Amino acid sequence: MIPSKFTYHKASSVQEAIALVQEHGDEAKYMSGGHSLLPMMKLRFATPEHIIDISKIDGLSYIKEEDGLLKIGALTTQTEMEYSDLIRDKYPIFSDTIKLTADPSVRNVGTIGGNIAHGDAANDQPAVMLARRATIIAEGVDGQKTIPIDEFFHGFYMTALEPSDVLTEIQVPQAKKGSGGAYHKVERKVGDYATAGVAVHVELDDDGICQEIGIGLTNVSAVPMRLERGEELLRGKQITEDLIAQVGTMASEDCEPTSDLRGSEAYKRSIVNTITQRMIRLAMERAQH
Ligand code: FAD
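Printed below as a string of structure tokens:
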């Protein structure tokens with residue numbers, strides 16, 4: 203299908219982008235890579251009258267460690283993350299995720315900021331950001347906002363961002379000794395959205411006790427979800443096979459999948475159970491090396 207008619211604007215700074223959205227109000231929408239927005243427009247699920255292209259704003263594409271944080275500029279493409287030595291060496295949870303996201307042509311253009319700002323529980327990064335306890339940085343009419351990831355996803359395609367907010371940076375705590383993470387999703391074919399996916403980040407002390415854990419689930423709820431009950435069970439304990447099995451069961455119970463072309467509700471609950479267990483084991487293995 204062809205999108206409805208719109209006027210194209212190109213912003214060369216965050217301030218210019220914000221001013222354009224203020225000028226055009228509810229009818230305006232930001233576009234980074236356009237690989238989520240344009241398909242929605244072609245299906246007429248979104249019909250913005252003004253597209254504000256922010257993809258060429260300077261200074262929003264970077265991956266760096268600073269002040270104890272990994273900082274990723276919102277316009278960093280998924281391919282840039284895939285080929286980052288820093289990500290590959292120290293943050294394998296992101297490498298796992300990006301390799302399973304769409305295909306290279308989408309990853310070349312789709313940005314990390316757009317993947318999160320879209321507010322789609324089917325996208326892969328939201329679950330990872332929940333597991334990694336990310337912080338979202340945005341610029342709005344009243345200046346900079348800092349939004350903890352647990353307060354970011356509000357509903358189906360709804361986030362804490364105001365229409366004029368530009369997501370500028372994603373921050374996650376820097377990888378430390380004894381920490382490890384992993385992501386996997388089951389997909390019908392290469393490049394498909396997840397039938398179900400699970401992200402796990404774990405931090406173990408020298409005695410192997412779980413100091414911190416994050417578990418995020420992909421595409422098994424309307425809003426990207428954290429498996430808080432499972433995290434609580436493991437925190438402060440030596441993670442045993444018995445506990446891992448219990449958390450797998452909790453994941454299958456607490457998620458809220460619906461039956462669709464990707465599989466029945468029961469099938470999705472079953473694979474969430476299996477992948478949760480596998481990702482906890484893999485995250486622990488990585489934390490121990
Ligand atoms: P855009 O499409 O430009 O924007 C998406 C939304 O976010 C829009 O509402 C826009 O207004 C808003 N937005 C964008 N950037 C900002 C910002 N900086 N500040 C505020 N708001 C902003 N994703 C997956 O995770 N897993 C997959 O398996 C997957 N498969 C795909 C398969 C296909 C065929 C396609 C076309 C896409 C697929 N995607 C998948 C989505 C892809 O990763 C998107 O590119 C990405 O999710 C969105 O990034 P974008 O830069 O293209 O955002």
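In the working numbering, the protein residues as written are 203 to 491. For each residue, glycine too, the CB sits at the ideal point set by N, CA and C. This structure is a prediction, so every number in the text was calculated from the model and none was measured.
Measure the Cβ-Cβ separation of Arg377 and Asp326 and say whether it is below 9 Å. As a working mapping, residue 377 is identified with position 175 in the sequence shown. As a working mapping, residue 326 is identified with position 124 in the sequence shown. The sequence given here has Ala at residue 377, not Arg. No. Outside cutoff.
Please confirm whether Gln413 and Gly450 have their CB atoms less than 9 Å apart. Residue numbering aside, residue 413 sits at position 211 when the sequence shown is read from its first letter. Residue numbering aside, residue 450 sits at position 248 when the sequence shown is read from its first letter. No, the Cβ-Cβ distance between Gln413 and Gly450 is not below 9 Å.
For the ligand FAD, is there a heavy atom less than 8 Å away from the beta-carbon of Met481? Reading the sequence shown from its first residue, position 279 is the one you call residue 481. Every heavy atom of the ligand FAD is 8 Å or more from the Cβ of Met481, so no.
Examine the Cβ distances between the region 356-369 and the region 289-307 and report whether three or more of them are shorter than 8 Å. Proximity of the region 356-369 to the region 289-307 falls short of the contact definition, fewer than three beta-carbon pairs being nearer than 8 Å.
Below 9 Å between beta carbons: does that hold for Ile372 and Ile338? By one-based count along the sequence shown, residue 372 stands at place 170. By one-based count along the sequence shown, residue 338 stands at place 136. Yes.
What would DSSP say about Ser461, mapped onto helix, strand or coil? Reading the sequence shown from its first residue, position 259 is the one you call residue 461. If DSSP states are grouped into helix, strand and coil, Ser461 belongs with coil.
Below 8 Å on the Cβ atoms is my contact criterion, and I expect Ala333 with Gly416 to pass it. Report the Cβ-Cβ distance as a whole number of Å. If you number the sequence shown from 1, residue 333 lands on position 131. If you number the sequence shown from 1, residue 416 lands on position 214. Yes, they are in contact, since the Cβ atoms of Ala333 and Gly416 sit about 4 Å apart, within 8 Å.
Cβ separation of Ile204 and Tyr232, assumed to be a contact under 8 Å, to the nearest whole Å: Position 2 of the sequence shown, counted from the start, is the residue given in the question as residue 204. Position 30 of the sequence shown, counted from the start, is the residue given in the question as residue 232. Not really, about 21 Å apart at Cβ, beyond 8 Å.
Grab the span of the alpha helix (DSSP H) containing Glu225 for me, first residue to last. Here residue 225 is taken as the residue at index 23 of the sequence shown, counted from 1. Note, Glu225: alpha helix (DSSP H), Val216 to His226.
Beta-bridge pairing of Gln440 - partner residues as DSSP gives them: Within the sequence shown, numbered from 1, the residue matching residue 440 stands at position 238. Ile411.
Contact set for Thr249: own chain, Cβ-Cβ below 6 Å, skip 5 residues either direction: Along the sequence shown, one-based indexing puts residue 249 at 47. Same-chain partners within the cutoff: Ser206.
Are the CB atoms of Leu262 and Leu277 within a distance shorter than 9 Å? By one-based count along the sequence shown, residue 277 stands at place 75. By one-based count along the sequence shown, residue 262 stands at place 60. Result yes, Cβ atoms of Leu277 and Leu262 sit closer than 9 Å.
Would the region 307-316 count as touching the region 398-412 if we require 3 or more Cβ pairs under 8 Å? The region 307-316 vs the region 398-412: no contact.
Run through the DSSP bridge pairs and tell me what Lys301 is partnered with. Counted from its first residue, the sequence shown places residue 301 at position 99. None, per the DSSP bridge assignment.
Completely contained alpha helix (DSSP H) runs for the region 312-373, where each covers 4 or more residues: If you keep only unbroken alpha helix (DSSP H) runs of at least 4 residues inside the region 312-373, you get 314-319 and 327-333.
What residues are listed by DSSP as bridge partners for Glu405? By 1-based counting over the sequence shown, the position of residue 405 is 203. Ser381 and Glu414.
Bridge partners - Ala151, DSSP secondary structure assignment: Given a span of 203 to 491 for the chain in the structure shown, any question on residue 151 remains unanswerable.
The region 381-394 contacting the region 336-355, beta-carbon criterion three pairs below 8 Å: no
Please write down, chain order preserved, every residue whose beta carbon lies under 5 Å from a heavy atom of the ligand FAD. Lys231, Tyr232, Met233, Ser234, Gly235, Gly236, His237, Ser238, Leu239, Ala276, Thr303, Ala304, Val308, Gly312, Thr313, Gly315, Gly316, Asn317, Ala319, His320, Asn325, Asp326, Val368, Leu369 and Tyr395
Rounded straight-line distance, which links the Cα of Pro328 to that of Thr420: Sequence index remark: in the sequence shown, residue 420 carries index 218 (1-based). Sequence index remark: in the sequence shown, residue 328 carries index 126 (1-based). Cα-Cα distance, rounded: 8 Å.
Ordered along the chain, which non-local residues of its own chain (more than five positions away) have a Cβ less than 6 Å from that of Gly235? For the purposes of this step, residue 235 is taken as residue 33 along the sequence shown, with counting starting at 1. Correct list, in chain order: Val311, Gly312, Thr313 and Gly316.
For Lys391, which three-state DSSP category applies? Residue 391 sits at position 189 when you count from the first residue of the sequence shown. In the structure shown, Lys391 adopts coil according to DSSP, grouped into three states.
Where does Ile204 fall in DSSP's three states? Here residue 204 corresponds to residue number 2 of the sequence shown, with the count starting at 1. Coil at Ile204, not helix or strand.
Between the CA atoms of Ile351 and Ala485 - distance to the nearest angstrom: Numbered from 1 along the sequence shown, position 283 holds the residue referred to as residue 485. Numbered from 1 along the sequence shown, position 149 holds the residue referred to as residue 351. So the alpha carbons of these two residues sit roughly 21 Å apart.
Span of the alpha helix (DSSP H) around Thr478: Along the sequence shown, read from residue 1 onward, the residue named residue 478 stands at position 276. Counting along the chain, the alpha helix (DSSP H) containing Thr478 begins and ends at Glu467 to Ala489.
Name the residue from Ile274, Glu251, Glu268 and Met242 whose alpha carbon lies nearest to the alpha carbon of His320. Locating residue 320 in the sequence shown gives position 118, counting from the first residue. Cα-wise, what sits closest to His320 is Met242.
Whole-Å CB distance - Ile265 paired with Ser238, under 8 Å assumed: Working through the sequence shown from its first residue, we reach residue 265 at position 63. Working through the sequence shown from its first residue, we reach residue 238 at position 36. That pair is no contact at about 21 Å.
Using 8 Å for Cβ pairs, my map puts Ile253 next to Ala219. What's the rounded Cβ distance? Counting from one through the sequence shown, the residue named residue 253 turns up at place 51. Counting from one through the sequence shown, the residue named residue 219 turns up at place 17. The Cβ separation is near 11 Å, so there is no contact.
Below 8 Å on the Cβ atoms is my contact criterion, and I expect Ile411 with Gly438 to pass it. Report the Cβ-Cβ distance as a whole number of Å. Locating residue 411 in the sequence shown gives position 209, counting from the first residue. Locating residue 438 in the sequence shown gives position 236, counting from the first residue. With 8 Å as the limit, Ile411 and Gly438 qualify as a contact, their Cβ atoms being about 7 Å apart.
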